[in-house]
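Trainee: Submitted below is the structure of interest, expressed as structure tokens.
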Amino acid sequence: STFFLNGTVNRHNCRYWAPENPHESRETHTQFPQKLNVWAGIFNDQIVGPFFIDGNLDGPTYLQLLEEAVIPQIVQVIEDDDEDFDPIFQQDGAPPHYALAVRAYLEREFPVRWIGRRGSIEWPARSPDLSPLDFFLWGHLKSVVYMSPVADLNELKQRITDECRRITPQMLRNVRSAFDTRLYHCQAALGAP
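First residue of the sequence shown? That's 9 in the working numbering, and the numbers climb one at a time after it.
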């Protein structure tokens, strides 16, 4: 997700649920916004990351992030936990996630156990309601990080990191329960919107 220093929220990663349209808008324009691109994940009852990405995310940058930061942290969580895990790695269909080298790497690391565009398990197109990151994490973080103005990118990084650490295992169990509920609704509707 992208976090802008001025508090602008990329609505691509947010879902608004209300009984009626509040007709609210907020316009901001800048040619070179100060921003942070952030990668985070949820594994079991823990947040993986956050990891901050310099510049824009592309396939080689994403592959390097997976190899050097994301997968090692997941492996560490597995080693530190007493349970036996056989994780499934889920990502959406963003272009960097679709890079051939990324898909080959995920197939080696999670053979037949990764969800994504052209993955072992195909990711349903335009399905943000099925991603705990989209229906919970990004909106939650932005709602607390932007409660007061942010002075600079370092403060923004620190706030994101601190708020990720404040997310409790119980909150993530509730998210997992909500995820199950969303899946059941999709099954009952036979995949219809």
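Every residue, glycine too, gets a C-beta built ideally from N, C-alpha and C.
Go through the region 136–176 residue by residue and report every complete run of the alpha helix (DSSP H) that reaches 4 residues or more, in order.
Mentor: DSSP assignment within the region 136–176 yields the following whole alpha helix (DSSP H) runs of 4 residues or more, N-terminal first: 146–153 and 161–174.
Trainee: If I follow the unbroken alpha helix (DSSP H) through I82, where does it start and stop?
Mentor: I79 to D88
Trainee: Report the rounded CA-to-CA distance for T69 versus E91, giving the unit in angstroms.
Mentor: 32 Å
Trainee: Taking C-beta to C-beta, are R121 and I82 nearer than 7 Å?
Mentor: no
Trainee: What did DSSP end up calling N182 once you bin it into helix, strand or coil?
Mentor: helix
Trainee: Taking the CB atoms as reference points, tell me whether W47 and G63 lie closer together than 7 Å.
Mentor: no
Trainee: What number of angstroms, rounded off, separates the C-alpha of T176 from the C-alpha of P103?
Mentor: 31 Å
Trainee: Of the residues S185, L13, V110 and L73, which one's Cα is nearest the Cα of F144?
Mentor: S185
Trainee: Short of 6 Å in beta carbon distance, which residues of its chain neighbour V183, apart from the five on each side in sequence? Order them along the chain.
Mentor: P140 and F144
Trainee: Taking 8 Å as the limit between beta carbons, can you name the residues of its chain near Y113, skipping five residues before and five after?
Mentor: L71, L74 and E75
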